[in-house]
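Trainee: Protein chains in written order, with the working numbering: chain A, 37 to 255; chain B, 39 to 440.
C-beta: ideal position from N, C-alpha, C; glycine also.
Computed from a predicted model, the values in this text were never measured in an experiment.
#1: Do you know how far the Cα of residue 241 of chain A is from the Cα of residue 124 of chain A?
#2: Would you say the stretch 386 to 404 of chain B touches the stretch 328 to 347 of chain B, given that touching needs at least three Cβ pairs under 8 Å?
#3: Using CA coordinates, which residue listed in B:142, B:177, B:235 is at the minimum distance from residue 47 of chain B?
#4: Between which two residues does the beta strand (DSSP E) containing residue 446 of chain B stretch?
#5: For residue 368 of chain B, which residues does DSSP report across the bridge?
#6: At 7 Å on the CB atoms, spell out the chain B contacts of residue 171 of chain A, in chain order.
#7: Report the three-state DSSP secondary structure of residue 150 of chain B (helix, strand or coil).
#8: Grab me the residues of residue 148 of chain B's own chain with a C-beta within less than 8 Å of its C-beta, minus the 5 sequence neighbours each way, in chain order.
#9: Could you tell me which of B:74, B:62, B:213 sits nearest to residue 227 of chain B, measuring between CA atoms?
#10: Using the beta-carbon count (16 or more within 10 Å), is residue 404 of chain B buried or exposed?
#11: So if I threshold CB-CB distances at 9 Å, which residues from the stretch 102 to 132 of chain B count as touching chain A?
#12: Any idea what DSSP makes of residue 254 of chain B, helix, strand or coil?
#13: By Cβ distance below 6 Å, which residues in the same chain neighbour residue 15 of chain B in space, the five residues on each side in sequence not counted?
#14: With 8 Å as the C-beta to C-beta threshold (strictly closer), list the residues of the stretch 144 to 163 of chain A near chain B in chain order.
#15: Kindly list the residues whose CB is nearer than 6 Å to the CB of residue 132 of chain A, restricted to its own chain and excluding five residues on each side of it in sequence; keep chain order.
#16: State yes or no: is the C-beta of residue 186 of chain B within less than 9 Å of the C-beta of residue 223 of chain B?
#17: Say whether chain B places a C-beta atom closer than 9 Å to the C-beta of residue 166 of chain A.
#18: In chain A, what lies closer than 7 Å to residue 94 of chain B by C-beta?
#19: Going by DSSP in three states, residue 15 of chain B sits in which element: helix, strand or coil?
#20: If we define contact as Cβ-Cβ less than 9 Å, is residue 372 of chain B a contact residue for chain A?
#21: Count the other CB atoms, across all protein chains shown, that sit within 10 Å of the CB of residue 54 of chain B; report buried if there are 16 or more and exposed otherwise.
#22: Would you call the stretch 102 to 116 of chain A in contact with the stretch 181 to 198 of chain A, where contact means no fewer than 3 C-beta pairs closer than 8 Å?
#23: With a cut-off of 9 Å, does the C-beta of residue 175 of chain A fall near any C-beta of chain B?
#24: Among B:304, B:282, B:267, which residue has its Cα nearest to the Cα of residue 294 of chain B?
#25: Are residue 102 of chain B and residue 51 of chain B closer than 9 Å when you measure CB to CB?
#26: How many Å lie between residue 216 of chain B and residue 96 of chain A at the Cα?
#27: Bridge partners for residue 19 of chain B per DSSP, in chain order?
#28: Using a C-beta cutoff of 9 Å, does residue 145 of chain B count as contacting chain A?
#29: Around the Cβ of residue 42 of chain A, are there at least 16 other Cβ atoms within 10 angstroms (buried) or fewer (exposed)?
#30: According to DSSP, simplified to helix, strand and coil, what is residue 120 of chain A?
#31: Which residue from B:116, B:124, B:307 puts its Cα closest to that of residue 338 of chain B?
#32: Would you verify that the beta carbon of residue 278 of chain B is, or is not, closer than 9 Å to some beta carbon of chain A?
#33: Quick one: residues in its chain with C-beta nearer than 7 Å to the C-beta of residue 56 of chain A, no 5 flanking neighbours on either side, listed in chain order?
#34: Distance cutoff 9 Å, beta carbons only. Does residue 188 of chain B sit that close to anything in chain A?
#35: Which partner residues does residue 204 of chain B have in the DSSP bridge list?
#36: On the three-pair Cβ rule with 8 Å, is the stretch 357 to 366 of chain B touching the stretch 306 to 321 of chain B?
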C-alpha cells in the first residue's frame, strides 16, 4: 500500500469502503438538510412577520447576526453542553446558523416587492392573506431561495465539524484520516465529497432560484 | 335595487387629519353622479389623491361620511367594497409574475367567477383596447408602457365595476401615448356608461376629459364646475393661475359670448319713419343698411340701400320696404358656435338680440378680427380684466406695440 500515490490510495479507499463513504455522505447531507429545513420552517414565517412589522426587524435580525458571529466550533461545544454528544447537537447548530440568511433574505425579498404592485393588489380587493400568497411570496420567492441556498452551503461546512461531537458524516472520515499515519488519502475521501456536495447544492439551488425569479417589469 | 337617480358617491363634510394636526383634506362636500367624469386637480399636496383614495377605503377619513351608492362605506367590508370599484394607478401596478390574462381577470377570480366566464371577459376587454388576443398569454414585462396601462385600464373594468378610480394614470407616459389613452378612456367611459374619478395635475387633461372639474388646494375644494364654466368663471386667483393665462385667453373664443364682443348702440330706425329720414341717417352714420326696431326696441327687420333706391318713388315709410327675413344671434350664445355661421353666410354684420328679442347690438366682422388678434397677441389693454397675472402684463404690452 505504501508504494501507491495519494490518489491511488484515495481511489483504493473509495472502492473498498464505498458503502461506508456513501452512508456517511447521506448522513452528512441529511444532517445539513434537516437543520436548514427547520430553519426555513421557522425563519420564513419570522421574516414575513418582521416584513409586516418593520419595527421588529432590527431586533430580530440583530439577534440572528449575533448568532452568526459565534465561531462554529464554540457554538457546537456550547450546545453540546446542553444536548450532549450526537447528531441533535449538530442539527441544532446548523439550524441556528441557517436562521440569519433565511430570515434576512425573506425580509429583504418582502420589502423589495414593488409597493405599487402591493397598492394595486390591495386596491383591487385582495385580503391581506391573498396579497401574501398570491403576490408577495411569489415575488420574493427567488430571494428567499437565495437565502436557503446560502444557508445550505454553510450548513454542509458546519456538519463536517460535527464529527467532533460524534454526529458522524463525512467529517468522521476526515477525523479518521487525521488520526492515522499517512492518512492523506482518507482525509481526501472525506473532504472531496464534502466539497462536491457543497458545490452541487449550490448549483442546484442556484438553478431553482433562477427559475423562481419573477419576470421583471421593463419599466 | 339601486336607485338610478341617486349619486354614486357622496362626500359629506369629510376630513382627513393626521395625528399631530396635519390636515390632508378638510370639509370635503362633493356629489358624483352616475356617468360623471370627475377630474380632481390641484398641485402636489392639495389632497386630491387623498380625496380619491378614501372612496375605496385605501385611506380612512377621520371625520364625515362617504356614501357609495347611498350606503355609508364605513359600514362595508373594505375588501368587498374595493372589488366593486375599479382602481388604476400611475405606475400601472400589473402583477409581474402573472400573465395578462391572469392580471385582467384577477378581480373576477377573487369573486370566484367560473373559468369560462373569465376567459370570455378577458377576450372581450382586450379587443376593446385594440390589442391582439395572443397577448393574453404574455407577461407585463413584454409590453410597452402604454400597452401596460391599457391593460391596467381594462383590468379595472373586468368585474363590471360602475365606478373607476384613476390616480394620475397617464402621468408617466409620453405625450402621444398619453393622448391615445385619454381618448380610449373617454371613449370607454361614454360607451360603457361608467363613472370615473380621475386625479391629475395636468389641466389640459382635465379640460379634455372631465364633465366636472374639482379644483383642490391645501386640502380644500376651491371650485367645482364643468370645464366650460371653469374657464368662463374661475372662482379665485388660484384657479386662474392653475388654468394659466395663456389657456384662459385661448379659451376665450370657446367661452366668450356674443354679447361680450358686440358693438353696442347699433344704427337703427323705427318702421314709422319716412324713407327720407332713413337716407339721412344712413348718410350721417356712413352705413348702407339700417336695422328696424319698434318703439320698444324689438327687432323687426332691416332695410338696405338697394331696396331704398329702387322703391324710393313708390314708398314713403320704412315699414313699406323693410325686409323681415333676418339672421340674428342671441346675446348669450357662445361666440364659438356663432362665428362659423357669421363667416359662412358672408354677412358684414349680425344683429344681436336679448332673450325678449330686443336689439342689443351688432357683431361685425371687424369685431371678430379683434377677437382673433387678441387670441394671438394677448389681451387688449382697454378691456383688460386680467389684473391677476401682473407678471404677464409687461410682456404682452411689449409685444403689442412692437
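Mentor: Taking the coordinates as given:
#1: Residue numbering aside, residue 124 of chain A sits at position 88 when the first chain is read from its first letter. Residue numbering aside, residue 241 of chain A sits at position 205 when the first chain is read from its first letter. Straight-line Cα distance between these residues: approximately 25 Å.
#2: yes
#3: For the purposes of this step, residue 47 of chain B is taken as the residue at position 9 of the second chain. Looking at the Cα atoms, B:235 is the closest of the given residues.
#4: The question about residue 446 of chain B has no answer, for chain B in this structure spans 39 to 440.
#5: Position 330 of the second chain holds residue 368 of chain B. Answer is B:391.
#6: Position 135 of the first chain, counting from 1, holds the residue named residue 171 of chain A. Going along chain B in sequence order, the residues near residue 171 of chain A (Cβ under 7 Å) are 133.
#7: Working through the second chain from its first residue, we reach residue 150 of chain B at position 112. If DSSP states are grouped into helix, strand and coil, residue 150 of chain B belongs with coil.
#8: Within the second chain, the letter at position 110 stands for residue 148 of chain B. So the list reads 121, once near-sequence residues are dropped.
#9: One-based indexing of the second chain puts residue 227 of chain B at position 189. Of the listed residues, the one whose Cα sits closest to residue 227 of chain B is B:74.
#10: Within the second chain, the letter at position 366 stands for residue 404 of chain B. By the 10 Å Cβ count, residue 404 of chain B comes out exposed.
#11: 116, 117, 118, 119, 120, 121, 122, 123, 124, 125, 126, 127, 128, 129, 130, 131, 132
#12: As a working note, residue 254 of chain B is residue 216 in the second chain. Strand.
#13: Residue 15 of chain B is absent from the structure shown; chain B starts at 39 and stops at 440.
#14: 150, 152, 153, 155, 156, 157, 158, 159, 160, 161, 162, 163
#15: Here residue 132 of chain A corresponds to residue number 96 of the first chain, with the count starting at 1. Here the set comprises 103.
#16: Walking along the second chain from the start, residue 186 of chain B turns up at place 148. Walking along the second chain from the start, residue 223 of chain B turns up at place 185. Taking 9 Å as the Cβ cut-off, residue 186 of chain B and residue 223 of chain B do not qualify as a contacting pair.
#17: As a working mapping, residue 166 of chain A is identified with position 130 in the first chain. Yes - at least one Cβ of chain B is within 9 Å of the one on residue 166 of chain A.
#18: Looking up residue 94 of chain B in the second chain gives position 56. Going along chain A in sequence order, the residues near residue 94 of chain B (Cβ under 7 Å) are 159.
#19: Outside the displayed span of chain B (39 to 440) sits residue 15 of chain B, for which this structure offers no information.
#20: Position 334 of the second chain, counting from 1, holds the residue named residue 372 of chain B. Taking Cβ atoms only, chain A never reaches closer than 9 Å to residue 372 of chain B, which makes this a no.
#21: Indexing the second chain from 1 puts residue 54 of chain B at position 16. By the 10 Å Cβ count, residue 54 of chain B comes out buried.
#22: yes
#23: Start at 1 with the first residue of the first chain, and residue 175 of chain A comes out as number 139. Chain B, which has a Cβ nearer than 9 Å to the Cβ of residue 175 of chain A, makes this yes.
#24: Numbered from 1 along the second chain, position 256 holds the residue referred to as residue 294 of chain B. When each option's Cα is compared against that of residue 294 of chain B, the closest is B:267.
#25: Along the second chain, one-based indexing puts residue 102 of chain B at 64. Along the second chain, one-based indexing puts residue 51 of chain B at 13. Yes, these two residues count as a Cβ contact at 9 Å.
#26: Working through the second chain from its first residue, we reach residue 216 of chain B at position 178. Working through the first chain from its first residue, we reach residue 96 of chain A at position 60. Rounded to whole angstroms, residue 216 of chain B to residue 96 of chain A spans 46 Å at the Cα level.
#27: In this structure chain B extends from 39 to 440, so residue 19 of chain B is not present and cannot be described.
#28: Residue 145 of chain B sits at position 107 when you count from the first residue of the second chain. Yes, because at least one Cβ of chain A sits closer than 9 Å to the Cβ of residue 145 of chain B.
#29: On the first chain, position 6 is the one that residue 42 of chain A refers to. Its Cβ having fewer than 16 others within 10 Å, residue 42 of chain A is exposed.
#30: As a first step, residue 120 of chain A is located in the first chain; it is residue number 84 there, counting from the start. Residue 120 of chain A falls in the coil class under three-state DSSP.
#31: The residue you call residue 338 of chain B lines up with position 300 of the second chain. That would be B:307, whose Cα lies nearest to the Cα of residue 338 of chain B.
#32: As a position in the second chain, residue 278 of chain B is number 240, starting the count at 1. Judged by the 9 Å Cβ criterion, residue 278 of chain B is not in contact with chain A.
#33: Looking up residue 56 of chain A in the first chain gives position 20. The answer is none, since no qualifying residue turns up.
#34: The residue you call residue 188 of chain B lines up with position 150 of the second chain. Cβ-Cβ to chain A under 9 Å: no for residue 188 of chain B.
#35: Here residue 204 of chain B is taken as the residue at index 166 of the second chain, counted from 1. In the DSSP output, where bridge partners are listed per residue, residue 204 of chain B has B:126, B:236.
#36: yes
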